Amino acid sequence: DAGVIQSPRHEVTEMGQEVTLRCKPISGHDYLFWYRQTMMRGLELLIYFNNNVPIDDSGMPEDRFSAKMPNASFSTLKIQPSEPRDSAVYFCASREITEAFFGQGTRLTVV
Amino acid sequence: GDSVTQMEGPVTLSEEAFLTINCTYTATGYPSLFWYVQYPGEGLQLLLKATKADDKGSNKGFEATYRKETTSFHLEKGSVQVSDSAVYFCALSAGGNEKLTFGTGTRLTIIP
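Protein sequences, first through last, are from chains V and U. With the working numbering, the residue at position 52 of the first sequence is 52, and numbering never jumps. With the working numbering, the residue at position 44 of the second sequence is 1044, and numbering never jumps.
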């Protein structure tokens, strides 16, 4: 398996634009997580899914953020409208039993 | 709620030095404990784990022992290498909750 695949690796966008981050989890993993990493706040869990169903979205910072998992092999995290304070590295991870596997992340810069 | 507190960084050591990165936790029930490593420009990778008290996780010369009495899971390595330079995260998963709670990370730099 190629591991957790995220796209794009880098995204630069202007304030107010819509941004969509994509994730393909490892086949057979039934949990999927979205994290955000910044220097100030470290790693924050935004939302996670079990069998494509959102379980806990309490970490989603505000209504501008939304996440979907239409099937077991694909998830999106959307920010609309984006703001400069959303600049961060966004990680997707999928999990089997006790081990979580992370993608390489999407570095988002909002100017 | 669940939380992880780990040693503030950054930590700079010379090659072949002994490494300790402290990690303590607060959790309900009996958590599983993990150390993840993040190399520059990459995602996190599982380094080692322990799922019950007194278990020792080990990998690539790193070790950590699950100490329930002190609620700790300190990471150690006897002789570090330049290639160990990375950010290390302590994490837990508690009480059947599948999400991972991470510490703030410790940046380790090894100089030749």
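Glycine included, C-beta positions come from ideal geometry on N, C-alpha and C. Since the model is a prediction, treat every value here as computed from it, not as a measurement.
Under the three-state reduction of DSSP, which class applies to Pro84/V: helix, strand or coil?
-> As a first step, residue 84/V is located in the first sequence; it is residue number 84 there, counting from the start. Correct three-state label for Pro84/V: helix.
Measure the CB-CB distance between Glu1063/U and Lys1077/U and report whether it falls below 9 angstroms.
-> Translated into the one-based positions of the second sequence, residue 1063/U becomes position 63. Translated into the one-based positions of the second sequence, residue 1077/U becomes position 77. Taking 9 angstroms as the Cβ cut-off, Glu1063/U and Lys1077/U qualify as a contacting pair.
Exposure of Met15/V, with buried meaning 16 or more beta-carbon neighbours within 10 Å | Within the first sequence, residue 15/V is the residue found at index 15, counting from 1. Counting Cβ neighbours within 10 Å, Met15/V comes out exposed, since fewer than 16 surround it.
Name the residue from Phe101/V, Asp86/V, Asn50/V whose alpha carbon lies nearest to the alpha carbon of Met60/V.
-> The residue you call residue 60/V lines up with position 60 of the first sequence. That would be Asp86/V, whose Cα lies nearest to the Cα of Met60/V.
Checking contacts by CB at 9 angstroms: is Thr13/V closer than that to chain U?
-> As a position in the first sequence, residue 13/V is number 13, starting the count at 1. No, because no Cβ of chain U sits closer than 9 angstroms to the Cβ of Thr13/V.
Using the DSSP secondary-structure output, state which residues sit across from Ser75/V in a beta bridge.
-> For this step, residue 75/V is matched to residue 75 along the first sequence. Looking at the DSSP assignment, Ser75/V forms a beta bridge with Cys23/V.
With C-beta atoms as the reference, is Gly1009/U less than 9 angstroms away from Arg1107/U?
-> For the purposes of this step, residue 1009/U is identified with residue 9 of the second sequence, where counting begins at 1. For the purposes of this step, residue 1107/U is identified with residue 107 of the second sequence, where counting begins at 1. Result yes, Cβ atoms of Gly1009/U and Arg1107/U sit closer than 9 angstroms.
What does Thr1139/U reach in chain V if we use C-beta pairs closer than 7 angstroms?
-> Shown here, chain U extends from 1001 to 1112; a query on residue 1139/U therefore has no answer.
When you compare only the Cα positions, how much space is there between Ala93/V and Arg64/V?
-> The residue you call residue 93/V lines up with position 93 of the first sequence. The residue you call residue 64/V lines up with position 64 of the first sequence. Answer to the nearest angstrom: the Cα atoms are 21 angstroms apart.
What did DSSP end up calling Asp56/V once you bin it into helix, strand or coil?
-> Locating residue 56/V in the first sequence gives position 56, counting from the first residue. Looking at Asp56/V - three-state DSSP - the assignment turns out to be strand.
Return yes when the Cβ of Ala100/V is within less than 9 angstroms of the Cβ of Arg36/V, no when it is not.
-> In the first sequence, the residue the question calls residue 36/V occupies position 36. In the first sequence, the residue the question calls residue 100/V occupies position 100. Not closer than 9 angstroms, so no.
Under the three-state DSSP convention, the category Val1082/U falls into | Mapped onto the second sequence, residue 1082/U falls at position 82. Looking at Val1082/U - three-state DSSP - the assignment turns out to be helix.
Measure the alpha-carbon distance for Gly108/V versus His10/V and round it to whole angstroms.
-> If you number the first sequence from 1, residue 108/V lands on position 108. If you number the first sequence from 1, residue 10/V lands on position 10. According to the sequence provided, residue 108/V is Leu. The question's Gly does not apply to it. Spanning the two alpha carbons is a distance of roughly 6 angstroms.
Residue-level contact to chain U via CB, Val110/V, 9 angstroms cutoff = On the first sequence, position 110 is the one that residue 110/V refers to. No, because no Cβ of chain U sits closer than 9 angstroms to the Cβ of Val110/V.
Give a yes or no on whether 9 angstroms exceeds the smallest Cβ distance from Gly1061/U to chain V.
-> Here residue 1061/U corresponds to residue number 61 of the second sequence, with the count starting at 1. Cβ-Cβ to chain V under 9 angstroms: no for Gly1061/U.
State yes or no: is the C-beta of Lys78/V within less than 9 angstroms of the C-beta of Glu18/V?
-> Stepping through the first sequence from its first residue, residue 78/V is reached at position 78. Stepping through the first sequence from its first residue, residue 18/V is reached at position 18. Their beta carbons are under 9 angstroms apart, which means Lys78/V touches Glu18/V by this criterion.
Test: Thr1051/U CB closer than 9 angstroms to a CB of chain V | Residue 1051/U sits at position 51 when you count from the first residue of the second sequence. By this cut-off, Thr1051/U is an interface position.
Please report the residue range of the beta strand (DSSP E) in which Ser1014/U lies.
-> To locate residue 1014/U, count along the second sequence from 1; it is residue 14. Run containing Ser1014/U: 1011-1014, per the beta strand (DSSP E) assignment.
Report, in whole angstroms, the separation of the C-beta atoms of Val1004/U and Phe1102/U, which I expect to be a contact under 8 angstroms.
-> If you number the second sequence from 1, residue 1004/U lands on position 4. If you number the second sequence from 1, residue 1102/U lands on position 102. The pair is a contact, with the Cβ atoms about 6 angstroms apart (cut-off 8 angstroms).
Identify the contact partners of Ser1032/U in chain V, using a Cβ-Cβ distance below 7 angstroms as the criterion.
-> As a first step, residue 1032/U is located in the second sequence; it is residue number 32 there, counting from the start. Near Ser1032/U (Cβ distances below 7 angstroms), the residues of chain V are Thr98.
Phe1034/U: first and last residue of the uninterrupted beta strand (DSSP E) it sits in | Here the question's residue 1034/U lines up with position 34 in the second sequence. Residues 1032-1038.
Proximity below 9 angstroms, CB of Phe1034/U to CB of Leu1100/U | Numbered from its first residue, the second sequence carries residue 1034/U at position 34. Numbered from its first residue, the second sequence carries residue 1100/U at position 100. Yes; because the gap between Cβ atoms is below 9 angstroms, this pair is in contact.
What does DSSP give as the partner residues of Ile1110/U in its beta bridges?
-> Counted from its first residue, the second sequence places residue 1110/U at position 110. Leu1013/U, per the DSSP bridge assignment.
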